[in-house]
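Input: a single structure, listed below in structure tokens.
Numbering (the numbering used here), first residue to last: 161 to 469.
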């Protein structure tokens, strides 16, 4: 451990976010369902704008993304709420468009058709997956999976939608038309999803937490390269390098109170660091520019107790 700091609630999470992403949208850190997206500047924390999504509806913001939708060179805000998806002008917070698609918890932005304009891919009510154009119009939808989380993977100039579902299924869709490429069912709950090129072949692998098991998957066909088991549920996945000469390694945080470093090529444990309580989040970054990854784990005794960073 380089350093440790006891923190209260979620305040430090937002401070860290502000310090690394500059001008970015965040949601208000209060125990309320009437969340407004705010835009602030990291240098002085001055508010640029605030927008109430609907004065008569209690919107709960689940996820925020940014992308320039109207070619004004200013990133706009895409908010996934418990009622659907809302697009706000990044300059002044005014409403660009909204779609009532049910609860949206996962949003990815990608140019799926090569026209230089972004598409918005998200999961809506009952886990249905939608692809929308930059004006909010529907391009396609797929209701075959109860999607919990989705990401985009580029493979030989093809955009693949890789995701996990609430009913233990992992799936891959064609990004152009939303058609299924493959799916497979796992034996346990799926709760984390990442993608990274572990073997330096130019194609990202899928990383999935299936309760206490980390699985690395070939996204083109669903083949499992390797898996690693912690003692309890895996809550966080990130990647980096244990030493300067290594390929990409994998770090996980678990309810067994440990952070693990795992060889990204073969799934062998490199080391584990025991903590005194559950690891609920994990961020890997090179904080001192020595080309070796440093880790920032976030630990929590329980849902209502103290948090530690």
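Beta carbons: idealized from backbone N, C-alpha and C, even for Gly.
Should residue i be labelled buried (16 or more other beta-carbon atoms within 10 Å of its own) or exposed?
i, result
"residue 436", "exposed"
"residue 233", "exposed"
"residue 301", "exposed"
"residue 395", "buried"
"residue 339", "exposed"
"residue 225", "buried"
"residue 465", "With a pLDDT of 45 at residue 465, under the threshold of 50, the modelled position of this residue cannot be trusted; read the value that follows with caution. So residue 465 ends up on the exposed side."
"residue 243", "buried"
"residue 405", "exposed"
"residue 414", "buried"
"residue 297", "exposed"
If I follow the unbroken beta strand (DSSP E) through residue i, where does it start and stop?
i, result
"residue 411", "409-414"
"residue 457", "454-460"
"residue 325", "318-325"
"residue 222", "221-227"
"residue 301", "298-302"
"residue 329", "329-334"
"residue 438", "438-445"
"residue 292", "289-292"
"residue 396", "394-400"
"residue 339", "No beta strand (DSSP E) contains residue 339, which DSSP labels as neither H nor E."
"residue 244", "Note, residue 244: premise wrong, no beta strand (DSSP E); not H, not E."
In whole angstroms, what is the alpha-carbon distance linking residue i and residue j?
i, j, result
"residue 456", "residue 264", "28 Å"
"residue 363", "residue 425", "14 Å"
"residue 375", "residue 252", "43 Å"
"residue 378", "residue 221", "32 Å"
"residue 454", "residue 447", "6 Å"
"residue 369", "residue 341", "21 Å"
"residue 433", "residue 403", "16 Å"
"residue 459", "residue 245", "31 Å"
"residue 420", "residue 352", "15 Å"
"residue 276", "residue 266", "22 Å"
"residue 337", "residue 401", "36 Å"
"residue 316", "residue 452", "30 Å"
"residue 344", "residue 310", "15 Å"
"residue 230", "residue 335", "22 Å"
"residue 303", "residue 247", "23 Å"
"residue 431", "residue 350", "24 Å"
"residue 449", "residue 299", "43 Å"
"residue 307", "residue 333", "12 Å"
"residue 238", "residue 278", "12 Å"
"residue 179", "residue 373", "Note that residue 179 scores 33 on pLDDT, short of 50, meaning its location in the model is unreliable; the coordinates nonetheless yield the value given after this. Taking the straight line joining both Cα atoms gives about 33 Å."
"residue 387", "residue 427", "6 Å"
"residue 354", "residue 254", "33 Å"
I think residue i touches residue j, with their Cβ atoms under 8 Å apart; what is that distance to the nearest whole Å?
i, j, result
"residue 291", "residue 272", "7 Å"
"residue 331", "residue 366", "No, residue 331 and residue 366 are not in contact; Cβ-Cβ is about 11 Å, not under 8 Å."
"residue 439", "residue 418", "7 Å"
"residue 325", "residue 382", "So it is not a contact: roughly 14 Å between Cβ atoms."
"residue 314", "residue 257", "That belief does not hold up - the Cβ atoms of residue 314 and residue 257 are roughly 27 Å apart, past 8 Å."
### the segment 383-391 touching the segment 442-457, judged by at least three CB pairs closer than 8 Å
Per the Cβ contact rule, the segment 383-391 is not in contact with the segment 442-457 (fewer than 3 Cβ pairs under 8 Å).
### Query
Is there contact here, the segment 279-298 with the segment 252-266, by at least three beta-carbon pairs under 8 Å?
Yes, the segment 279-298 touches the segment 252-266.
### Query
Is there contact here, the segment 408-418 with the segment 351-358, by at least three beta-carbon pairs under 8 Å?
Counting Cβ pairs under 8 Å, three or more are found: they touch.
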